Amino acid sequence: MPQQVQGVVAPGRNEPVRVETILIPDPGPGEAVVRIQACGVCHTDLHYKQGGINDDFPFLLGHEAAGVVESVGAGVTDVAPGDFVVLNWRAVCGQCRACLRGRPWYCFDTHNAKQRMTLAGTSGAGGTELSPALGIGAFAEKTLVAAGQCTKVDPAVAPEIAGLLGCGVMAGIGAAINTGGVGRGDSVAVIGCGGVGDAAIVGSRLAGAARIIAVDIDDRKLDTARRMGATHTVNSRTDDPVEAIRELTGGFGADVVIEAVGRPETYEQAFYARDLAGTVVLVGVPTPEMRLELPLLDVFGRGGALKSSWYGDCLPSRDFPMLIDLHQQGRIDLGAFVTETIGLGDVEKAFARMREGDVLRSVVVL
Numbered sequence: 506m507p508q509q510v511q512g513v514v515a516p517g518r519n520e521p522v523r524v525e526t527i528l529i530p531d532p533g534p535g536e537a538v539v540r541i542q543a544c545g546v547c548h549t550d551l552h553y554k555q556g557g558i559n560d561d562f563p564f565l566l567g568h569e570a571a572g573v574v575e576s577v578g579a580g581v582t583d584v585a586p587g588d589f590v591v592l593n594w595r596a597v598c599g600q601c602r603a604c605l606r607g608r609p610w611y612c613f614d615t616h617n618a619k620q621r622m623t624l625a626g627t628s629g630a631g632g633t634e635l636s637p638a639l640g641i642g643a644f645a646e647k648t649l650v651a652a653g654q655c656t657k658v659d660p661a662v663a664p665e666i667a668g669l670l671g672c673g674v675m676a677g678i679g680a681a682i683n684t685g686g687v688g689r690g691d692s693v694a695v696i697g698c699g700g701v702g703d704a705a706i707v708g709s710r711l712a713g714a715a716r717i718i719a720v721d722i723d724d725r726k727l728d729t730a731r732r733m734g735a736t737h738t739v740n741s742r743t744d745d746p747v748e749a750i751r752e753l754t755g756g757f758g759a760d761v762v763i764e765a766v767g768r769p770e771t772y773e774q775a776f777y778a779r780d781l782a783g784t785v786v787l788v789g790v791p792t793p794e795m796r797l798e799l800p801l802l803d804v805f806g807r808g809g810a811l812k813s814s815w816y817g818d819c820l821p822s823r824d825f826p827m828l829i830d831l832h833q834q835g836r837i838d839l840g841a842f843v844t845e846t847i848g849l850g851d852v853e854k855a856f857a858r859m860r861e862g863d864v865l866r867s868v869v870v871l
């Protein structure tokens with residue numbers, strides 16, 4: 506029987522979010538209902554609220570989540586009620602050309618729940634259909650997802666920590682290790698030191714990078730980047746980041762430059778701050794109107810690789826449990842990403858703190 510729960514909805518472009526009663530249908534074939542225990546406030550949720558992703562309002566926000574499977578639909582065998590899971594927004598299909606070639610992290614046909622959650626009508630029946638952020642919608646007491654979006658992990662880890670793997674932390678660590686191929690002794694520059702950028706720093710350190718240069722316009726973020734493992738910092742408000750990165754790498758540029766902002770001007774900085782035959786990784790999320798212009802001769806002449814990182818090119822079933830293990834071994838500190846825990850009614854305030862730059866992650870705990 507459908508359930509009524511509380512969830513955070515973005516009703517329209519740049520309108521304040523509000524807590525609404527939503528209707529969660531029983532899971533259909535291949536679907537699962539998950540009781541959410543914690544969900545991080547990610548910049549992508551703010552993009553949804555601002556209309557920077559698309560205009561399919563109203564959105565049920567939240568996607569960086571962990572919780573417990575409550576019920577599953579027909580044909581679901583990989584998870585069962587009672588399993589502690591991290592939700593992912595790239596449930597691989599196993600049948601597309603990428604999956605069949607052994608590259609499921611590039612899956613071209615990832616799937617979500619087929620049924621839609623709705624705003625509860627005045628009679629208690631379903632009303633307006635909701636668009637769940639990244640196919641998840643986890644600023645809610647419960648949510649409906651495709652069962653493949655549920656990745657089982659060790660329940661000994663606190664949900665407010667585990668849930669961060671669902672987006673930002675995985676995106677940053679994966680951008681360094683999976684997409685950028687950072688290796689032992691490499692020099693790495695990370696432009697933009699929010700949650701994703703700091704995770705890229707953690708990933709670079711884990712991979713054995715010798716020099717990790719953090720670039721941002723906010724000294725508070727640069728201080729945090731040092732705590733996360735950066736060996737050098739550059740305030741690009743006062744110093745030319747390209748020249749500073751070159752100076753810190755013997756005049757050559759970094760082996761890998763990770764752009765975690767998603768703007769044309771910072772991408773251009775990343776392009777020119779890399780060494781010849783170096784790699785640029787774009788993991789920051791641009792908005793639809795942004796355009797990039799580079800001299801084609803420079804693209805040709807500098808060689809190397811220009812890559813985009815989809816979700817850190819991760820395979821959730823492989824990478825989530827591995828990172829949880831590394832956290833439990835003390836090799837990475839996922840808890841360092843949690844700045845504060847809040848309630849469902851505090852999401853709008855968390856967006857304001859995000860814009861002010863004084864949080865790494867606010868996490869809704871239910």
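The sequence shown begins at 506 in this note's numbering and counts up by one.
Each residue gets a CB set at the ideal place from its N, CA and C atoms; glycine is no exception.
These numbers were taken from a predicted model, which means no experiment stands behind them.
In this structure, Ile706 is the residue among Lys657, Arg796 and Ile706 with its C-alpha nearest to the C-alpha of Gly685.
Lys647 counts as buried, since at least 16 other C-beta atoms from the protein chains shown sit within 10 angstroms of its C-beta.
For the pair Ala625 and Leu566, the CB atoms are not nearer than the 8 Å cut-off.
Boundaries of the beta strand (DSSP E) around Asp760: Ala759 to Glu764.
Phe805 is classed as exposed because its beta carbon has fewer than 16 other beta carbons within 10 Å across all chains shown. Excluding residues up to 5 positions away in sequence, Ala680, Thr684, Gly685, Ile763, Lys812 and Ser814 lie with their Cβ nearer than 6 Å to the Cβ of Val786 in the same chain. Here Val707 is not bridged, per DSSP, to any residue. Of the other Cβ atoms in all chains shown, fewer than 16 fall within 10 Å of the Cβ of Leu781; this residue is therefore exposed.
If the five residues before and after Pro746 are omitted, its C-beta is found closer than 6 Å to the C-beta atoms of Val720, Val739 and Gln774, all from its own chain and listed in chain order. For Leu592, there is no enclosing alpha helix (DSSP H); the enclosing beta strand (DSSP E) has its first and last residue at Phe589 to Leu592.
As the crow flies, the alpha-carbon of Gln509 is around 29 Å from that of Gly557. Within the stretch 747-815, the runs of alpha helix (DSSP H) at least 4 residues long that lie entirely inside it are, in chain order, 769-778 and 801-807. In the DSSP assignment, Cys604 falls within the unbroken alpha helix (DSSP H) covering Arg602 to Leu605. Between Ala596 and the set Phe613, Thr526, Pro516 and Phe589, the nearest pair of CA atoms involves Phe613.
In the displayed model, Ala667 falls within a helix according to three-state DSSP.
The alpha carbon of Met506 has as its nearest neighbour, out of Phe589, Ser576 and Cys544, the alpha carbon of Ser576.
The three-state secondary structure of Lys554, taken from DSSP, is helix.
Nearest in C-alpha terms to Ile696, of all of Val650, Ile750, Gly688 and Arg710, is Ile750.
If you look at Asp721, you'll find it in the beta strand (DSSP E) that goes Arg716 to Asp721. In the DSSP assignment, the residues bridged to Asn740 are Asp721.
An exposed status is given to Arg606, since fewer than 16 other beta-carbon atoms sit within 10 Å of its beta-carbon.
Annotation for Glu861: the continuous alpha helix (DSSP H) segment containing it runs Val852 to Glu861. Our two residues, Ile847 and Leu802, have alpha carbons roughly 50 Å apart in a direct line. Around the C-beta of Gln834, fewer than 16 other C-beta atoms lie within 10 Å, and the residue is accordingly described as exposed. In the three-state reduction of the DSSP assignment, Ala579 falls in the coil class. For a cut-off of 8 Å, the C-beta gap from Gly578 to Arg866 is around 32 Å, too long to register as a contact.
Nearest to Arg823 by alpha-carbon distance, out of Gly535, Val584 and Pro609, is Pro609. Secondary structure of Arg732 (DSSP, three-state): helix. Shown here, Phe644 sits in coil according to DSSP, grouped into three states, outside any helix or strand.
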